[in-house]
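Enquirer: Here it is: the structure, laid out below.
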Amino acid sequence: MPASDQKHDISWLLTRRSAAVKRLGAPAPTEAELDQILSAGLTAPDHGAMRPWRVVQCTDDGRARLAELFVAAKRRSKPDATEAEFARERDKALRPPVLLAILAKPKTSKPEVTEAEQIACAGAAMQSMLLAAYGLGYGAIILSGSRCADPEVRRAFGAEGTDHLLGFISIGTIVETPIPSRRPTLDEMLEIFDAQGLRTRNN
Numbered sequence: 037m038p039a040s041d042q043k044h045d046i047s048w049l050l051t052r053r054s055a056a057v058k059r060l061g062a063p064a065p066t067e068a069e070l071d072q073i074l075s076a077g078l079t080a081p082d083h084g085a086m087r088p089w090r091v092v093q094c095t096d097d098g099r100a101r102l103a104e105l106f107v108a109a110k111r112r113s114k115p116d117a118t119e120a121e122f123a124r125e126r127d128k129a130l131r132p133p134v135l136l137a138i139l140a141k142p143k144t145s146k147p148e149v150t151e152a153e154q155i156a157c158a159g160a161a162m163q164s165m166l167l168a169a170y171g172l173g174y175g176a177i178i179l180s181g182s183r184c185a186d187p188e189v190r191r192a193f194g195a196e197g198t199d200h201l202l203g204f205i206s207i208g209t210i211v212e213t214p215i216p217s218r219r220p221t222l223d224e225m226l227e228i229f230d231a232q233g234l235r236t237r238n239n
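To convert, count from 1 in the sequence shown and add 36; that's my numbering.
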């Protein structure tokens, strides 16, 4: 049956929430499940087949190195950071059973494909991986912030020039229920464009 003829319940998708790193633990996804999660990223729309992103899987010893890179980055961005803050930086690298770095690597070989849409492609890949992890019963979150702009962290992951280290996807079993946060309503986010121009949905 063609995909366009299928109807599926997406209520599970609408319940996805990010799970903080401190709420993730073992067991990790199996190797086969992780391959599914990573393959979900390959479904992201990609104008011009630019392949403008890369994913890096951090091994256990790699995460030990990353923990020190995070601490050094925190020390550079906040010289008065406390030992508790440094400990949290280490935990963000060491605690999640799976840690993936996602890079956007815009290319200029096809001028009609803008940098913005190439970065959007990478973002779509990230979201697809988050949804795949959730669909398999795991929790996940994107860790970003100033650490992703730190020169030493960027260099460690091969980010050059106009590359963007978008963030780190942490994946694991939810061992503590995430605290619900308020989501926007459609009325807050949705606008309508019609013959009269742009308007809110209710006007």
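We put the CB at the ideal spot given by N, CA and C, even for glycine.
From Ala64, Ala76, Gly84, pick the residue whose C-alpha is nearest to that of Arg96; which is it?
Expert: Note that residue 96 corresponds to Asp in the displayed sequence, not to Arg. Here the closest residue by C-alpha is Ala64.
Enquirer: From the DSSP output, in three-state form, read off Leu78 for me.
Expert: coil
Enquirer: Taking the C-alpha atoms as reference points, what is the distance between Ala231 and Ala137?
Expert: Each residue's Cα considered, the two are about 44 Å apart.
Enquirer: Considering only residues of the same chain and omitting the five flanking positions on each side of Asp82, which have a CB-CB separation below 6 Å?
Expert: Cys157
Enquirer: Count the other CB atoms, across all protein chains shown, that sit within 10 Å of the CB of Lys141; report buried if there are 16 or more and exposed otherwise.
Expert: buried
Enquirer: Any chance you could list the alpha helix (DSSP H) runs of at least 4 consecutive residues sitting entirely within the segment 110-163, in chain order?
Expert: 119-130
Enquirer: Closest by CA to Pro102, which one among Pro115, Asp127, Lys114, Ala85?
Expert: First, the amino acid is wrong: residue 102 is Leu here, not Pro. Among Pro115, Asp127, Lys114, Ala85, the Cα nearest to that of Leu102 belongs to Asp127.
Enquirer: Let me confirm a value: Glu125 is counted as buried when at least 16 other C-beta atoms fall within 10 Å, else exposed. Which label applies?
Expert: Around the CB of Glu125, 16 or more other CB atoms lie within 10 Å, so the residue is classed as buried.
Enquirer: Kindly list the residues whose CB is nearer than 6 Å to the CB of Ala149, restricted to its own chain and excluding five residues on each side of it in sequence; keep chain order.
Expert: Residue identity check: residue 149 is Val in the sequence provided, not Ala. Closer than 6 Å at the Cβ level, and outside the excluded window around Val149, lie His83, Gly84, Met86.
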